[in-house]
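Protein chains: 2
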Amino acid sequence: MQHPDEPVPPGGSGLVRVRLDVAYDGTALHGWARQPGQRTVQGDLEQALSMVLRVPVDLTVAGRTDAGVHATGQVAHCDLPQGVWDEHGPRLVRRLRGVLSPDIAVPSVAEAPPDFDARFSALGRHYVYRLTDDPAGPPPLRRADTVGWPRPVDAGAMAEAAGLLLGEHDFAAFCRRREGATTIRTLLALDVARDGGLVTVYASADAFCHSMVRSLVGALTAVGEGRRPPEWPAALLSRTERSSDVPVVPAGGLTLVRVDYPVDDELAARALVTRARRDASPA
Amino acid sequence: MQHPDEPVPPGGSGLVRVRLDVAYDGTALHGWARQPGQRTVQGDLEQALSMVLRVPVDLTVAGRTDAGVHATGQVAHCDLPQGVWDEHGPRLVRRLRGVLSPDIAVPSVAEAPPDFDARFSALGRHYVYRLTDDPAGPPPLRRADTVGWPRPVDAGAMAEAAGLLLGEHDFAAFCRRREGATTIRTLLALDVARDGGLVTVYASADAFCHSMVRSLVGALTAVGEGRRPPEWPAALLSRTERSSDVPVVPAGGLTLVRVDYPVDDELAARALVTRARRDASPA
Numbered sequence: 001m002q003h004p005d006e007p008v009p010p011g012g013s014g015l016v017r018v019r020l021d022v023a024y025d026g027t028a029l030h031g032w033a034r035q036p037g038q039r040t041v042q043g044d045l046e047q048a049l050s051m052v053l054r055v056p057v058d059l060t061v062a063g064r065t066d067a068g069v070h071a072t073g074q075v076a077h078c079d080l081p082q083g084v085w086d087e088h089g090p091r092l093v094r095r096l097r098g099v100l101s102p103d104i105a106v107p108s109v110a111e112a113p114p115d116f117d118a119r120f121s122a123l124g125r126h127y128v129y130r131l132t133d134d135p136a137g138p139p140p141l142r143r144a145d146t147v148g149w150p151r152p153v154d155a156g157a158m159a160e161a162a163g164l165l166l167g168e169h170d171f172a173a174f175c176r177r178r179e180g181a182t183t184i185r186t187l188l189a190l191d192v193a194r195d196g197g198l199v200t201v202y203a204s205a206d207a208f209c210h211s212m213v214r215s216l217v218g219a220l221t222a223v224g225e226g227r228r229p230p231e232w233p234a235a236l237l238s239r240t241e242r243s244s245d246v247p248v249v250p251a252g253g254l255t256l257v258r259v260d261y262p263v264d265d266e267l268a269a270r271a272l273v274t275r276a277r278r279d280a281s282p283a
Numbered sequence: 001m002q003h004p005d006e007p008v009p010p011g012g013s014g015l016v017r018v019r020l021d022v023a024y025d026g027t028a029l030h031g032w033a034r035q036p037g038q039r040t041v042q043g044d045l046e047q048a049l050s051m052v053l054r055v056p057v058d059l060t061v062a063g064r065t066d067a068g069v070h071a072t073g074q075v076a077h078c079d080l081p082q083g084v085w086d087e088h089g090p091r092l093v094r095r096l097r098g099v100l101s102p103d104i105a106v107p108s109v110a111e112a113p114p115d116f117d118a119r120f121s122a123l124g125r126h127y128v129y130r131l132t133d134d135p136a137g138p139p140p141l142r143r144a145d146t147v148g149w150p151r152p153v154d155a156g157a158m159a160e161a162a163g164l165l166l167g168e169h170d171f172a173a174f175c176r177r178r179e180g181a182t183t184i185r186t187l188l189a190l191d192v193a194r195d196g197g198l199v200t201v202y203a204s205a206d207a208f209c210h211s212m213v214r215s216l217v218g219a220l221t222a223v224g225e226g227r228r229p230p231e232w233p234a235a236l237l238s239r240t241e242r243s244s245d246v247p248v249v250p251a252g253g254l255t256l257v258r259v260d261y262p263v264d265d266e267l268a269a270r271a272l273v274t275r276a277r278r279d280a281s282p283a
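From first to last, the protein sequence lines stand for chains A and B.
Counting with the UniProt record's numbering, you get residues 1 to 283 for the letters of the first sequence.
Counting with the UniProt record's numbering, you get residues 1 to 283 for the letters of the second sequence.
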């Protein structure tokens, strides 16, 4: 299972699959995906890893977050030559800390089973969206991940609308279209909670298509402001393409908080299922 | 009780005492107290209030925090002409939001009893200090108020040392000296809790003298690192001046989270007691 097709590098006896847990404040970052001339999480992280390990590193990620979106529980993987891993693995977290900007952190680096795939093994993704309708604006110490909402919202109405969206549906109305990609997803949770001025939306799904969480929250805020009835977001599920009626809320309120994976001996089976279904980019 | 000695401004019938609840990310601020040529909370806030209200405003604060220290529950007061308060009070929170930088917020502005004094009526101040000894460093979204600690600390030993400091003592060893000021304080709580890499110290007292919380936490970290026994911080209570053995931890980990006040009809009595004891600046 050591990827026998790969060339064996000097000093190693094959490749090790490595799982990285990643957290970032996305404010100053142009999203996950590497882009020339822009600071991105993938770009910074691959550069930091290559600098410390002195080999090129190519990361695969669970959730390709957009510009401005944050993460506390992002997951990525890469393959490293055995010799490199043996030499650097034990001190890698601390050494990355010394190289990365403080808006990106790697809380954990660990050897994973060869079948582990950060993207295709994932069973579910969990996001949190934070907005406040307090006229005083976001709490200063949480302003990076809390959006100030200019009008009061009814969190009860938002929760009612959210409940009608649960389950397996074609979320085309809430997705930025990608050629040939499916927009059928299973929405496992969409909870709305108020604590003082802070309204938090918890969203969980097997996977989200592009801009889906921010479109779902956008539809809920239209209900929360009383501009739409609670039945409206669910009624959009009959549409086959993105609806321009659905506002997309600002990126800064969104945080990827967790990615779920099966136990080790079910990783290969899960990846087979996901890859087979992947006319989409589950991220 | 409307401060009869004050001149009555046109359009008003005396002065109203106003309580402001204030929150700030202290990272870019040179502390509470107004200073020429520096951004400070008092300076920014008085300027914002004067701009909105078109009268000069002079704030009195519960805790004069140092440069870099944060607050989620700071309290200040000022006196405003009745006519100005009547005209602007109801929309003041929202209007301040439009004028202040996002690192300062005023969650609440309310009329207070004439006897209310943000500084002298206060019964207790509550601070939180956050540090992490996780080799990955502070969580990116909480890096403003969490200090990365370079060595592992034993939170159990810190808690043991903390317990020995409770009660009324002369905290001279932990205070930056001010001429003629008492350093006798009642430490009501000093709790240490670990959650993963995060170590949080909760400190409550009737009042803290200058740099006291950061010196107490500094003494605890010396114990946490094993450089001093748990009995050491309490042994310093016998000293009559600041001990250079006590490290002062960085300002960025410290947040003023709450100030306690008595019920309204005990405000005057409390202020009398505090003023009588005030050879110190209780802040």
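For every residue, glycine included, the Cβ atom is placed at its ideal position computed from N, Cα and C.
None of these values were measured; they are calculated from a predicted model.
Spatial distance of residue i from residue j (CA atoms)
| i | j | result |
| --- | --- | --- |
| B/G124 | B/L220 | 22 Å |
| B/W85 | A/G196 | 25 Å |
| A/W32 | B/R239 | 54 Å |
| B/G137 | B/L15 | 50 Å |
| A/A161 | A/L96 | 43 Å |
| A/P10 | A/G37 | The pLDDT assigned to A/P10 is 48, lower than 50, so where the model puts this residue is not dependable, and the model offers no usable value. |
| B/P81 | B/E111 | 12 Å |
| A/F208 | B/D260 | 46 Å |
| A/G163 | A/W232 | 12 Å |
| A/F120 | A/L198 | 34 Å |
| A/G89 | B/P135 | 13 Å |
| A/R17 | A/L53 | 15 Å |
| A/R178 | A/R227 | 29 Å |
| A/P140 | B/A173 | 33 Å |
| B/G167 | B/A234 | 11 Å |
| B/E241 | B/L100 | 40 Å |
| A/V41 | A/V192 | 29 Å |
| B/A62 | B/Y24 | 14 Å |
| A/A28 | A/R39 | 8 Å |
| B/M1 | B/V273 | Note on B/M1: pLDDT 44, under 50, position unreliable in the model; no value is reported. |
| B/E225 | B/S244 | 18 Å |
| B/L20 | B/P56 | 16 Å |
| B/V246 | B/G218 | 6 Å |
Close Cβ partners of residue i (< 7 Å) along its chain, the five nearest in sequence each way excluded
| i | result |
| --- | --- |
| B/V213 | Y127, Y129, A203 and L254 |
| B/G12 | With a pLDDT of 49 at B/G12, under the threshold of 50, the predicted position of this residue should be treated as unreliable, and no value is reported. |
| A/R258 | G73 and H126 |
Where residue i falls, given that 16 or more other Cβ within 10 Å makes a residue buried
| i | result |
| --- | --- |
| A/G156 | exposed |
| B/R185 | buried |
| B/Q35 | exposed |
| B/M158 | buried |
| A/D58 | exposed |
| B/G180 | exposed |
| B/R91 | exposed |
| B/L256 | buried |
| B/A71 | buried |
| B/R270 | buried |
| A/V153 | buried |
| A/D145 | buried |
Same chain, Cβ closer than 8 Å to residue i, five either side skipped, listed in chain order
| i | result |
| --- | --- |
| A/A251 | G26, D66, A67, G68, V69 and R214 |
| A/R143 | G137 |
| A/T60 | A76, H77, C78, D117, A118 and R119 |
| B/R275 | F120 |
| A/V93 | V106, P107, S108 and V109 |
| B/S211 | D66, F174, C175, R176 and V248 |
| A/L237 | L165, H169, D170, F171 and A173 |
| A/H30 | Q38, R39, T40 and A67 |
| A/L188 | G124, L166, S204, A205 and D206 |
Same chain, Cβ closer than 6 Å to residue i, five either side skipped, listed in chain order
| i | result |
| --- | --- |
| A/D115 | L267 and A268 |
| A/P230 | A157, E160, A161 and V223 |
| A/W149 | L131 and D133 |
| B/G43 | R34 |
| A/T183 | D170, F171, A172, C175 and C209 |
Report task. Would you list, in sequence order, the uninterrupted beta strand (DSSP E) runs of no fewer than 3 residues that lie entirely inside the UniProt domain "Pseudouridine synthase I TruA alpha/beta" (23–120) of chain B? Result -> 70–81 and 104–111
Report task. Return the residues of the segment 69–94 of chain A that lie within a Cβ-Cβ distance of less than 8 Å from chain B, sorted by chain order. Result -> H70, T72, V93 and R94
Query raised in the report: Unbroken alpha helix (DSSP H) runs of length 4 or more, entirely within the segment 169–257 of chain A: which are they?
Result: 212–224 and 232–235
Report task. Name, going along the chain, the residues of the UniProt domain "Pseudouridine synthase I TruA alpha/beta" (161–262) of chain B whose beta-carbon falls closer than 7 Å to a beta-carbon of chain A. Result -> none
**Report entry** Short-range partners of chain B found in the segment 139–150 of chain A, where Cβ spacing is below 7 Å
**Finding:** P139, P140, L141, R143, A144 and D145
Report task. Output, in sequence order along the chain, the residues in the segment 120–134 of chain B whose CB is closer than 8 Å to any CB in chain A. Result -> D134
Query raised in the report: What are the residues of the segment 102–118 of chain A that lie near chain B, defined by any Cβ-Cβ distance shorter than 8 Å?
Result: P102, D103, I104, A105, V106, P107 and S108
Query - Interface residues of the segment 37–61 of chain B facing chain A [CB-CB below 7 Å] - result: none
**Report entry** Uninterrupted beta strand (DSSP E) stretches inside the segment 124–178 of chain A (no shorter than 3 residues)
**Finding:** 124–132 and 167–170
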